[in-house]
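Student: Just so it is clear: in the sequence shown, position 41 is 115 by the working numbering, and no numbers are missing.
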Amino acid sequence: MEKIASFTVNHLTLRPGVYVSRKDHVGAEVVTTFDLRMTAPNLEPVLNTAEVHSIEHLGATYLRNHPEYKDKTIYFGPMGCRTGFYLILAGDLESKDIVDLLVSMFRFIRDYEGEIPGASPRDCGNYLDLNLSMAHYWAKRYLEVLENITEDRLVYHE
């Protein structure tokens, strides 16, 4: 079997940033998958499931309500390794195209107060596994990367 694209990225040198993971053609349309890498793989601690789950609920809510991106958002969810998230958007996009969107989304997550959207047994299959204060911590930490992003954190390198 061929190695899938995400397994060809050198995870020994990968740093937190925003990367185009892949582009796919669906009919005449292009769909772009972004790697929102929040920790340095194999070097820094991974996110625990409660904060990943909280960021997922808040991020998905933000994106699905965003005036420009609500109809372009296909998927937002965690990587299995828990070092970040995948964001899939309709359109032929580059990392730099979505930095402002991500800054506003992670500010929303950092500043969010109240009950996490979907945090009920009716709305979520694991509603007790949420941690808003740790979601705030990770959003604040990732914003330090996003608000000062450089080219080397926008494109995969060997």
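The beta-carbon is built from N, C-alpha and C at its ideal position, and this holds for glycine as well.
Being a predicted model, the structure only gives us computed values, none of them experimental.
1. Figure out for me which residue from Asp98, Met75 and Asp109 has the closest Cα to the Cα of Val83.
2. By Cβ distance below 7 Å, which residues in the same chain neighbour Thr224 in space, the five residues on each side in sequence not counted?
3. Starting from Thr224, trace the alpha helix (DSSP H) both ways and give me its first and last residue.
4. Assign Thr107 to one of three DSSP states: helix, strand, or coil.
5. Can you have a look at Met75 and say buried or exposed, based on whether 16 or more other CB atoms are within 10 angstroms of its CB?
6. Quick check: Arg158 and Ala134, are their CB atoms within less than 9 Å of each other?
7. Bridge partners of Lys97, per DSSP?
8. Within 10 angstroms of the Cβ of Tyr149, are there 16 or more other Cβ atoms? Answer buried if so, exposed if not.
9. Going by DSSP, which residues form a beta bridge with Pro152?
10. Under 8 Å Cβ to Cβ from Glu130, same chain only, skipping five residues before and after it: list those, please.
Tutor: Inspection of the coordinates gives the following:
1. Asp109
2. none
3. It is not in any alpha helix (DSSP H) - Thr224 carries neither H nor E in the DSSP assignment.
4. strand
5. exposed
6. A quick correction: the sequence has Gly, not Arg, at residue 158. The answer is no: Cβ separation not under 9 Å.
7. Answer by DSSP bridge pairing, in chain order: Thr106.
8. exposed
9. DSSP, once it has assigned bridges, lists Phe159 as partnering Pro152.
10. Phe150, Gly151, Pro152 and Phe159
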